[in-house]
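Every letter in the sequence shown is one number past the one before it in my numbering, and letter 82, counting from 1, is 1157. Yeah, the Cβ is synthetic: ideal placement off N, Cα and C, and Gly gets one too. Below you'll find the structure, written out as structure tokens, and then a few comments.
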Amino acid sequence: MLEEIPVVRDSPKVFLDDLLGLPPHREVDLMIETLSGVAPISIASYRMAQVELQELKKQIEEFLEKEFIRPSTSPWGAPVLFVKKMMVVFPGHVISVDGIIPDPAKVKAIMEWRVPKNATEVRSFMGLAGYFRRFVEGFSIISPLTKLLMKE
């Protein structure tokens, strides 16, 4: 999966297959100061499928063995930190904090569609393009094609 990222693919010597450990200890230790008398926030763990839970446990064990992480006894500590994704690709769409946009690969397919030569090809194109009408301002410009396909 990493090999699909252009910068990783173009510079394989820069990116290691496996991390060798944590970076060296720095001169300054970082601390997060908390307000006295404030209790930790308790949030229930995320529900996940059995397969996901097994994968999570496997990764945690691997990171513990490599000493990338260590068990926390802090009341503020969380067993696992789940970070919300900035962007999710859902079939045909990209969902991000900015909203929902059509998948660029699908848009490219429409942009590169060859000019329809007959009614069947026009109908086929309109079916694909119509799926994305909510994203296209002024999509109603396609109405002459719709009228063209109507039987008299």
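*asked:* For a quick check, are the C-beta atoms of Trp1188 and Phe1200 less than 9 Å apart?
replied: Residue 1188 sits at position 113 when you count from the first residue of the sequence shown. Residue 1200 sits at position 125 when you count from the first residue of the sequence shown. Yes; because the gap between Cβ atoms is below 9 Å, this pair is in contact.
*Smallest Cα separation from Thr1148: which of Gly1213, Ser1120 and Pro1115?*
Within the sequence shown, numbered from 1, the residue matching residue 1148 stands at position 73. Closest by alpha carbon: Pro1115.
_Reduced DSSP secondary structure (H/G/I, E/B, other) of Val1169_ = On the sequence shown, position 94 is the one that residue 1169 refers to. Strand at Val1169.
*Are the region 1129-1138 and the region 1083-1098 touching, with three or more C-beta to C-beta distances below 8 Å?*
no
*Where the beta strand (DSSP E) containing Pro1177 begins and where it ends*: For the purposes of this step, residue 1177 is identified with residue 102 of the sequence shown, where counting begins at 1. Gly1174 to Pro1177 is the span of the beta strand (DSSP E), which, as asked, contains Pro1177.
*asked:* What ranges does the beta strand (DSSP E) occupy inside the region 1174-1203, keeping only unbroken runs of at least 3 residues that lie completely in it?
replied: 1174-1177
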